[in-house]
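Report on the structure given below.
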Amino acid sequence: MNEKPTLNDLAAFTAIIAHRSFRRAAEELGLSPSTLSHMMRGLEARMGVRLLNRTTRSVSPTEAGERLVARLGPALRELDAALEAVDDFRGGPSGTVRINTSSIVIRRLLDNAVPAFLARYPDVALDLVSDGRLVDIVVDGFDAGIRLRESVPQDMIAIAFGGPARFITVASPDYIATRGEPLTPQDLSGHNCIRLRMPSGKLYRWEFERRGEEIVVDVSGPLTLDDTELMAKAAAAGLGIAYVPQHVAEDYIRQGRLVAVLSDWCPEIDGLCLYYPGHRHVPTGLRAFIDILKEIDGKLSPSRLAASNPRR
């Protein structure tokens, strides 16, 4: 290797591996796919080894590429942290804060935290990524994540906000009038339940608890969805019983289109947490976002900030 790769080349390489796509990596980097492809051919030529397997439909790392990206990832994150540390001496937060959470949490944050943050810190850009699955925020390059407390990895620093969450079982008045009201979780076996498919492809089993007694029910029914807001809508249409975050059903309940059942089996649980790794520098932009969450926390209704799906 006569000429060392540039930092831009290496950062572009890691972006391609992260996205498994020249096009998406190019969009992130603000380059054209042809320019990015040319950079990678130059990188491979300088290193004297093929790093990427390319087809017309996909791109993946070779064994050498896998080994390189495994070492590059931590090094580039440390470099980012070193550069972010300099922000402490600037006039205010700047840069981009990347947060992974669910789409329903993002919609709630758009009501309050996001407008307040962007108004106060115009030099910071928020990159909010909705993802139904629980990702490794360090490996995937996020500054922080937002999930239910029980889903936060134990080695993370967690900042609770928004109060407790609650999931409730709901059905339309017409459905209850026709099929009757379940009085215990076991009664659900005789009902049409609207099931939830998790991002992993597995069907979610409904979880109940009352006075220390825990019951998990593998419900059945003719309809399966992968979105709790759609589940509430289907239940309001009389298609069955749904198990959803309380705030998703609130409007339907106020309108009289849904009623809660099995309420004494649906206790509150720990709510949302913003979490981040404690072993690296916390960007000033992320610290500022945490401050905004704490500032408006008392103004938020706990039921308005539940996660998008149970135990996700």
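Every position in the sequence shown, counted from 1, becomes a number in the working numbering once 579 is added. C-beta atoms are modelled at their ideal positions from N, C-alpha and C, and glycine is treated no differently.
Could you check what DSSP says for Thr641 in three-state terms: helix, strand or coil? coil
Three Cβ pairs or more, each shorter than 8 Å: is that satisfied between the stretch 764-781 and the stretch 792-811? yes
List the residues that DSSP assigns as beta-bridge partners of Glu788. Glu793
Closest by C-alpha distance to Gly644, when choosing among Ser673, Val684 and Ala591: Ala591
Any heavy atom of the ligand NAD closer than 7 Å to the beta-carbon of Val708? Judged by which ligands are present, the structure shown has none, so any question about the ligand NAD falls away.
Starting from Gly674 and walking both ways along the beta strand (DSSP E), at which residues does that stretch end? Gly674 to Thr680
Inter-stretch contact (C-beta, 8 Å, three-pair minimum) for the stretch 696-710 and the stretch 731-747: no
Which first and last residues belong to the alpha helix (DSSP H) in which Phe696 is found? Ala692 to Arg699
If you drop the 5 nearest sequence neighbours on each side, which residues of the same chain put their C-beta closer than 6 Å to that of Glu808? Val827
Spatially closest choice to Glu792 from His598, His617, Asp843 and Phe868, by CA coordinates: Asp843
Tell me which same chain residues have a C-beta within less than 6 Å of the C-beta of Ser639, skipping the five on either side of it? Asn632
Just mark Leu872 as buried or exposed, buried being the case when its beta carbon has 16 or more other beta carbons within 10 Å. buried
Taking a contact to mean a Cβ-Cβ separation below 8 Å, would you say Gly720 touches Arg677 in this structure? yes
First through last residue of the beta strand (DSSP E) which encompasses Ser709: Val703 to Ser709
DSSP three-state label for Pro863, please. It should be noted that the sequence gives Thr, not Pro, for residue 863. DSSP places Thr863 in helix when its eight states are reduced to three.
Pair within 8 Å by beta-carbon distance, Asp710 and Pro862: no
Buried versus exposed, by CB contacts within 10 Å (16 or more), Thr635: exposed
Please classify Gly819 as buried or exposed, where buried requires at least 16 other C-beta atoms within 10 Å of its C-beta. buried
Using the C-alpha atoms, what's the distance from Asp830 back to Val840? 16 Å
Leaving aside the five residues before and after Pro538 along the sequence, list all residues of the same chain whose C-beta is less than 7 Å from its C-beta, in chain order. With the chain covering 580 to 891 only, the question about residue 538 has no answer from this structure.
Per DSSP, which residues does Pro856 bridge with? Please list them. Met735
Do Tyr855 and Leu865 have their C-beta atoms within less than 8 Å of each other? yes
Option nearest Gly835 by Cα separation, candidates Leu851, Asp734, Ala814 and Leu782: Ala814
Residue range of the alpha helix (DSSP H) that Ala811 falls in? Thr807 to Ala815
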